[in-house]
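Accompanying notes for the structure given below.
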Amino acid sequence: MTTSPARSLHTASLLDGEIVEESDLGSMRRVTADNLPILNRLSIKRVLLNPGAMRTPHWHANANELTYCVSGTALVSILDSGSKFSTFIVTAGQMFHAESGSLHHIENIGDDVAEFIIAFRNERPEDFGFGATLGAFSDAVLGNTYDLPSADFAKIRRSTRDHKLAARIGDPVVPAAAHFNDPHKFDVEAQSRD
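Residue numbers 1 to 194, in the UniProt record's numbering, belong to the letters of the sequence shown in order.
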């Protein structure tokens, strides 16, 4: 006879976590204090990106992010709050850090599914999508910001809906600098090699 395990106040399955987004591009599931009330200044997310998919540019206003690559190959781009741009490649066993307020994206540039486990330093991290943010600005505001006629922005399709996953069009473009070391990136698994 099998019995189902009793639900604990101290455990939750990330595989069965709350669905944030799920499509043919991949999936995002999370465990926050809403699902596991014992969490304090911590939450976790699992992101699966199918080949050619990306986690769209976004930032977290209330949480630093630490991301571990379980499998796959991805291009990560980060625009720090100090206006410093970094781009680098992560593979299985590597991790990276994105400071709160840093605009960042993750793009699967490999042929296999890329899987990430992401820890946040907040029990309820806030996501702000770059595309949705632009969609909230009027043509006049964008024109004034970029010193262009507002009519130039009327032609651009914008929405305030936050698309967390998107498809890349064409082959990945990997800048040469992405192959160099970056202070955001840390090779965890290399630490255990002889």
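All residues carry an ideal CB built from backbone N, CA and C; glycine is no exception.
Open item on the list: Taking 8 Å as the limit between beta carbons, can you name the residues of its chain near Leu42, skipping five residues before and five after?
Closed with: Ala119, Phe120, Arg121, Asn122, Glu123
TODO: Classify Gln94 as buried or exposed, calling it buried when 16 or more other Cβ atoms lie within 10 Å of its own Cβ.
DONE: buried
TODO: Would you please state the rounded distance, in angstroms, between the beta carbons of Leu25 and Val113? I believe it to be under 8 Å.
DONE: With a Cβ gap of about 11 Å, Leu25 and Val113 do not count as contacting.
Open item on the list: If contact is defined by three or more beta carbon pairs under 8 Å, each pair taking one atom from either stretch, is the stretch 28–40 in contact with the stretch 87–103?
Closed with: no
Task: Where Asp127 falls, given that 16 or more other Cβ within 10 Å makes a residue buried - done: buried
Task: C-beta atoms of Pro57 and Ser77 nearer than 9 Å - done: The answer is yes: Cβ separation under 9 Å.
Open item on the list: If I measure Cβ to Cβ from Gly129 and keep anything under 8 Å in the same chain, skipping five residues before and after, which residues do I get?
Closed with: Thr56, Pro57, His58, Asp162, His163, Lys164
Task: Classification of Glu107 by the beta-carbon crowding that lies within 10 angstroms, buried from 16 upward - done: Buried, since its Cβ has 16 or more Cβ neighbours within 10 Å.
Task: Closest residue to Asn181 among Asn62, Phe96, Val20 (Cα-Cα distance) - done: Phe96
- [ ] Quick one: residues in its chain with C-beta nearer than 8 Å to the C-beta of Arg189, no 5 flanking neighbours on either side, listed in chain order?
- [x] According to the sequence as given, residue 189 is Glu; it is not Arg. Ala92, Gly93, Gln94, listed in sequence order.
Open item on the list: Does the contact criterion of 3 or more C-beta pairs under 8 Å hold for the stretch 150–158 versus the stretch 129–141?
Closed with: yes
Task: Host beta strand (DSSP E) of Asn108 (start-end) - done: 103–108
- [ ] Please classify Val173: is it buried, with 16 or more other beta-carbons within 10 angstroms of its beta-carbon, or exposed?
- [x] exposed
Open item on the list: My assumption, with CB atoms under 8 Å, is that Arg158 sits in contact with Gly135. Please give the rounded CB distance.
Closed with: 4 Å
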